[in-house]
Structures are given as structure tokens and as C-alpha cells.
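In my numbering, the protein residues as written are 64 to 592. Beta carbons: idealized from backbone N, C-alpha and C, even for Gly. Computed from a predicted structure; not experimentally measured. One structure below.
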């Protein structure tokens, strides 16, 4: 062989050998690979076709992925792949008793924020650290609630705090924020929040603000005084320099149906002034709360036993009846046929019936005075969970269209088959996708998903959730936008949503389209972490 040929072969061998090495390196191995997807990234962008690769619970590649191998591959079959939904308004302190949280998972919810409406744990660190001992299927964060803080320091007294008590409440909120709370919540229609003046709440909100938290409020009124309540919420935000999130934004007075442009206008005006104000909403014309909310707050101050004592006084009882009747008149309802029992432990036979029907059964009458006496009797016997059909569909749609509206269920973890709960706990997110996107076209698919993902993450300081981005947690939901549907109804609430084929939390498949897989990969959600 000539020298020229020798050097040519040597040159070729040196040139080609790196090519072989480079080809070998292009084959990547992932824990999970989702292919054939129409990706809605959560930011409001139009969907695009691509694949998603996951390793160690994190999204590591999005888009065109070639020469890839994975321990598990899911063919999305041209379905929508979106970030897992974030429900920022839950009441799931019971989640450790039902760690699958199946009613949430099966409507696409992978992250929950609890501690709303003024009620929460007062041991945030202990509550979140239970995840280490009792794993759950969803990610979990909590607010620190004013009502629970006030109860711990002051009980259920109808008075302002002393200077010492305010200092103690401030300190408890301070510690809770350090321990991972996402912000401060209030429930200003409930005991003991209803007794708090604006200034008391501002002082606690200032503490949460120092840690970058949000102020989430169940306002003082959602009916006749809704405008004043919104104004107070905004004033608290401005005085405390804290973002405001108004819970389950609605109009619950029939007399004010159609006035949502005015209430929305207050939020828009605050935002123009520079205050970050958002709202959340469930996609139904009925609310759900306690029977106690029908009672004047002064009459039940101090707790149920004190309330019973007052109601035993004929003069006080007559005053209570008069105030309940006047509140009903202001809301423009003739009786309590709009008020349905979700759960009444003293007599479960009442579950699913409205107060007018129950009064007919119990008192052989539907007269309003008898209905009010029935409400008082049920309060005295322990109270009840209720569903109130008090809202207008036009207002629901108008509120949903707003760019600062999030979708949230206001639900607990459901015990399948127990009571007659509000259907939002099984169907809220699916109802939006099926009814308000596909059928009524109130909002687009991409915007609906933004309201369920990146907007909640942004509002509550969840930095690695809510978007399909490289480096973000692999919380993902796969569904068919043509078949997704809420099946739960007021008459038959215990029905799971349909159309979801895979739900993934932190890279683990928790629902395979037919059943829960048994995986419990949920993590604690901490502020700005």
C-alpha cells in the first residue's frame, strides 16, 4: 500500500469514529415519554404537536424528541396534554384519611391549596410534614387561616383583640409563613371571622405580605352587601401591600342578578391602580356552605352551646326569626326551597331535600315561619352542610370570561357515596371543559387551561408548577376534549368525571383512565419553592 493511501485511510478513520460516538449518544433514556400529543402548555398559547420527556419527576424535554427510550411510554393518541390542574380553593384537611383524593384526580386536579375561608391547621409544619408518613396522590399546600388563628388565641368571642392578643395572632401567622404557608385566608361571614374589624385583618395580612404571601378571602358578604365586601377586600390588600385573591366570586342575591359587571369593575379598577387582584370561581349556579350561615352571627357567638342558650330565650328567638326573614327578603327569595341539605348527621333522611320539603315532612307545613323554626332546630341539633341554589348563569359566564379568574372547586376530598354534596367536588374542571369551552364556547380551551394551571401557580407563588416547560415538575393531564364530561349532578352527585385517560403527578402515573394505580407521589407546595 502506498503512503498516500495509508494516510487517507488513517484520516478517514479519525474522521468517522467521532460520528459513531455522536450517534450513540443521541439515544436518550427517560423515565416517562409521552408521544403523539397536542400540547396546551398552560400559558394560554395555542396547542402544538410534540412529545414530552420526564426524568426524576421533572420535564426535561418538550417538542420533537427522536431516538428516545423510556421506562414507560404513553401514546397520547392526538389527545390534549396539559399541565396538571391546580385547585386553589379546597377544604382538604381530611386528605390524610383519603390519600387518593380520587374525586380531584379524576377531574384532572394534581395540586390542591387548602386552609381557605378562614379555617386551617395552625400547625403548618406538622400538617405538611405528615406527607412523609402518609403519602398522598396530589400535591398539597395550605394557607394559614385568620379564623383558626383567632379561635386559638381568643376563642369565639364577639370582641376586638387586645394588644397582647393581636401580637400573639401576628406571631402565629409569622411562624406559619416561615413553615411554608402560602398566605393568609379569611372567612368573614363565619365565626369568629365575622367579629373581626378590617384593621385586625390588615395587621395579619401585613405579616403574610412580608413573606411574599397572598391574601385569600371569603368576603364578608356575597349578596346584598357584595360591593362593600369587595371594597373591603381591596382596601385590606392596599393597606397591607399584599396581592388579593377573592374566593368563589359570585352574586348570591337574586335581587342583584345581572350586576356582575359592577362587581368585576371594582376588581378591574383596583388592578388599574396597581394592586394584584385575582378571583376564583366554580362553574355552577349553586353555592355550598353551612346551615349556620343562615343564623345571625351575634346569636351564635361563643359556639353552639352558647347559641342554644340564647335561642332558649323567647325574646331572642323572636329576634333571630325576624332577622332571618329580613335577610331572605333582601335577597328576593320567598322561602328556603333553594336551600338543600348536603349532610345532616342528626337525621340523614333529610339529605338531598330542601328546607321547604323537610319542613313539610317534619311539621306538616311549608309556611315560612315554620321553615325558619326548622332551620333553628337543625342548628341546635348540630347544624348541617348545605347547597344553596342562589346564583345566575349569566353572572357565572360573565365572571368566567375575565382574564383574572381561576377555576377552583371549593370542595373537600369526597367519601364516595356519602351524603348529597355539591357536584363541584367531582366535576368542576370537567364541567368547564365540556360546558363552557366545548358547548357554550364562553372561553377557549387554551384559556380554560391557563385559568386552571399557570394563573393559579403565579398567584400562589408555585414556581415550578402550572406550565409544560423544561425544568418544571411533571404534573400532567391527558384528556379528550371531545368527550371530557362532568357526570356529577345535584340529584346524583357521586359520579366521577369522564374523558381523562392519564393523570401524572411528579412523573408518576396515578390514574390510567380506568382506575387509580396506587401511586402516591404528592409533594408539599411551599411558597416560591
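### Task
Reducing DSSP to helix, strand and coil, say where residue 538 ends up.
Position 475 of the chain shown holds residue 538. In the structure shown, residue 538 sits in coil (DSSP, three-state: anything other than H, G, I, E or B).
### Message
Just to confirm before moving on: does the CB-CB distance between residue 470 and residue 441 stay below 8 Å?
### Response
Numbered from 1 along the chain shown, position 407 holds the residue referred to as residue 470. Numbered from 1 along the chain shown, position 378 holds the residue referred to as residue 441. Cβ atoms of residue 470 and residue 441: not closer than 8 Å.
### Task
Return the chain-ordered list of same chain residues with a C-beta closer than 7 Å to the C-beta of residue 419, the five sequence neighbours on each side being excluded.
Position 356 of the chain shown holds residue 419. These residues qualify, in order along the chain: 398, 399, 400, 429, 434.
### Task
May I ask you to report which of helix, strand or coil DSSP gives residue 252?
One-based indexing of the chain shown puts residue 252 at position 189. Residue 252 falls in the coil class under three-state DSSP.
### Task
Give the single residue among 337, 592, 573 whose Cα lies nearest to the Cα of residue 167.
In the chain shown, residue 167 corresponds to position 104, counting from 1. With distances taken between Cα atoms, residue 167 lies closest to 573.
### Task
Just confirm the distance between the C-beta atoms of residue 94 and residue 134, as a whole number of angstroms; I'd bet it's less than 8 Å.
Reading the chain shown from its first residue, position 31 is the one you call residue 94. Reading the chain shown from its first residue, position 71 is the one you call residue 134. Indeed, because the Cβ distance is near 5 Å, the residues count as touching under 8 Å.
### Task
Sort 591, 589, 568 by Cα distance to residue 581 and report the nearest one.
Residue numbering aside, residue 581 sits at position 518 when the chain shown is read from its first letter. For the residues 591, 589, 568, the minimum Cα distance to residue 581 belongs to 568.
### Query
Given residue 552, which residues of its chain have a CB within under 7 Å of its CB, disregarding the five upstream and five downstream residues?
For the purposes of this step, residue 552 is identified with residue 489 of the chain shown, where counting begins at 1. 486, listed in sequence order.
### Query
When DSSP labels each residue in this structure, what does residue 190 get in the three-state scheme?
On the chain shown, residue 190 is found 127 positions in, with the first residue counted as 1. It is helical.
### Task
Within the segment 243-321, note down every full beta strand (DSSP E) run reaching 3 residues or more, in order along the chain.
246-250, 277-281, 307-309
#### Entry: Assigned secondary structure, residue 175 (DSSP; H/G/I helix, E/B strand, else coil)
Here the question's residue 175 lines up with position 112 in the chain shown. Reduced to three states, the DSSP call for residue 175 is strand.
### Query
Counting along the chain, where does the alpha helix (DSSP H) carrying residue 491 start and finish?
Residue 491 sits at position 428 when you count from the first residue of the chain shown. First-last of the alpha helix (DSSP H) with residue 491: 487-494.
#### Entry: Straight-line gap, residue 590 to residue 241 (C-alpha atoms, nearest Å)
As a first step, residue 590 must be located in the chain shown, where it is residue number 527. As a first step, residue 241 must be located in the chain shown, where it is residue number 178. Those two C-alpha atoms are separated by around 9 Å.
### Query
In the segment 500-530, which residue ranges form an unbroken beta strand (DSSP E) of at least 3 residues, counting only runs that do not cross its ends?
none
### Task
Assign residue 138 to buried or exposed, taking buried as 16 or more other Cβ atoms, counted over all protein chains shown, within 10 Å of its Cβ.
To locate residue 138, count along the chain shown from 1; it is residue 75. Exposed: under 16 other Cβ atoms inside 10 Å.
### Task
State the DSSP-derived secondary structure class of residue 324, mapped to helix, strand or coil.
Along the chain shown, read from residue 1 onward, the residue named residue 324 stands at position 261. Note: residue 324 maps to helix in three-state DSSP.
### Message
As a quick exercise: from 196, 159, 205, pick the residue whose alpha carbon is nearest that of residue 181.
### Response
For this step, residue 181 is matched to residue 118 along the chain shown. Residue 181 has its Cα closest to that of 205, out of 196, 159, 205.
### Task
Kindly indicate which three-state DSSP category residue 241 falls into: helix, strand or coil?
Here the question's residue 241 lines up with position 178 in the chain shown. In this structure, residue 241 counts as helix in the three-state DSSP scheme.
### Query
In whole angstroms, what separates the C-alpha of residue 209 from that of residue 270?
Position 146 of the chain shown, counting from 1, holds the residue named residue 209. Position 207 of the chain shown, counting from 1, holds the residue named residue 270. Taking the straight line from one Cα to the other gives about 12 Å.
### Task
Counting only the same chain and skipping the five closest in sequence on each side, list residues whose C-beta sits under 6 Å from that of residue 175.
For the purposes of this step, residue 175 is taken as the residue at position 112 of the chain shown. Only 150, 153, 155, 201, 203 meet the Cβ criterion.
#### Entry: Three-state secondary structure assigned by DSSP to residue 133
One-based indexing of the chain shown puts residue 133 at position 70. It is a strand residue.
### Message
Using only the alpha-carbon positions, how far apart do residue 321 and residue 97 sit?
### Response
Residue numbering aside, residue 321 sits at position 258 when the chain shown is read from its first letter. Residue numbering aside, residue 97 sits at position 34 when the chain shown is read from its first letter. Approximately 44 Å between the Cα atoms of the pair.
### Task
Since I believe residue 560 is in contact with residue 543 (beta carbons under 8 Å), could you give me their beta-carbon distance rounded to a whole number of angstroms?
In the chain shown, the residue the question calls residue 543 occupies position 480. In the chain shown, the residue the question calls residue 560 occupies position 497. The pair is not a contact, with the Cβ atoms about 12 Å apart (cut-off 8 Å).
#### Entry: Assigned secondary structure, residue 87 (DSSP; H/G/I helix, E/B strand, else coil)
Counted from its first residue, the chain shown places residue 87 at position 24. Any reading at residue 87 must be qualified, since the residue scores a pLDDT of 44, below 50, and its modelled position is unreliable; the value itself is stated next. Correct three-state label for residue 87: helix.
### Message
Rounded to the nearest angstrom, what separates residue 379 and residue 371 at their Cα positions?
### Response
Position 316 of the chain shown holds residue 379. Position 308 of the chain shown holds residue 371. Spanning the two alpha carbons is a distance of roughly 11 Å.
### Task
Return the bridge partner residues of residue 460 from the DSSP annotation.
Looking up residue 460 in the chain shown gives position 397. Per DSSP, none; premise fails for residue 460.
### Task
Give the DSSP-derived three-state secondary structure of residue 50 in the structure shown.
Here the chain comprises residues numbered 64 to 592, so residue 50 is not present and cannot be evaluated.
#### Entry: Identified DSSP bridge partners for residue 568
Taking the first residue of the chain shown as 1, we reach residue 568 at position 505. DSSP output for residue 568 lists 571 as bridge partner(s).
### Message
Assess contact between the segment 455-465 and the segment 310-325, defined as three or more Cβ pairs (one per stretch) separated by less than 8 Å. Is contact present?
### Response
yes
### Task
Determine the contact status of residue 393 and residue 285, defining contact as a CB-CB distance below 8 Å.
For the purposes of this step, residue 393 is identified with residue 330 of the chain shown, where counting begins at 1. For the purposes of this step, residue 285 is identified with residue 222 of the chain shown, where counting begins at 1. Result no, Cβ atoms of residue 393 and residue 285 do not sit closer than 8 Å.
### Query
According to DSSP, is residue 479 helix, strand or coil?
By one-based count along the chain shown, residue 479 stands at place 416. Three-state result, residue 479: coil.
### Query
How long is the line joining the alpha carbons of residue 447 and residue 360, rounded to whole angstroms?
If you number the chain shown from 1, residue 447 lands on position 384. If you number the chain shown from 1, residue 360 lands on position 297. For residue 447 and residue 360, the distance between alpha carbons rounds to 16 Å.
### Task
Go ahead and label residue 213 buried or exposed: buried means 16 or more other beta carbons lie within 10 angstroms of its beta carbon, across all protein chains shown.
Stepping through the chain shown from its first residue, residue 213 is reached at position 150. The residue is buried, with at least 16 neighbouring Cβ atoms inside 10 Å.
### Whole alpha helix (DSSP H) elements within the segment 315-393, 4-residue minimum
323-336, 367-374, 377-393
### Task
Would you kindly report the start and end of the unbroken alpha helix (DSSP H) that includes residue 203?
Position 140 of the chain shown holds residue 203. Premise fails: residue 203 lies in the beta strand (DSSP E), 202-205, not in any alpha helix (DSSP H).
### Task
Report the residue from 427, 254, 265 whose alpha carbon sits nearest the alpha carbon of residue 53.
One cannot answer for residue 53 here, as it falls past the ends of the chain, which runs 64 to 592.
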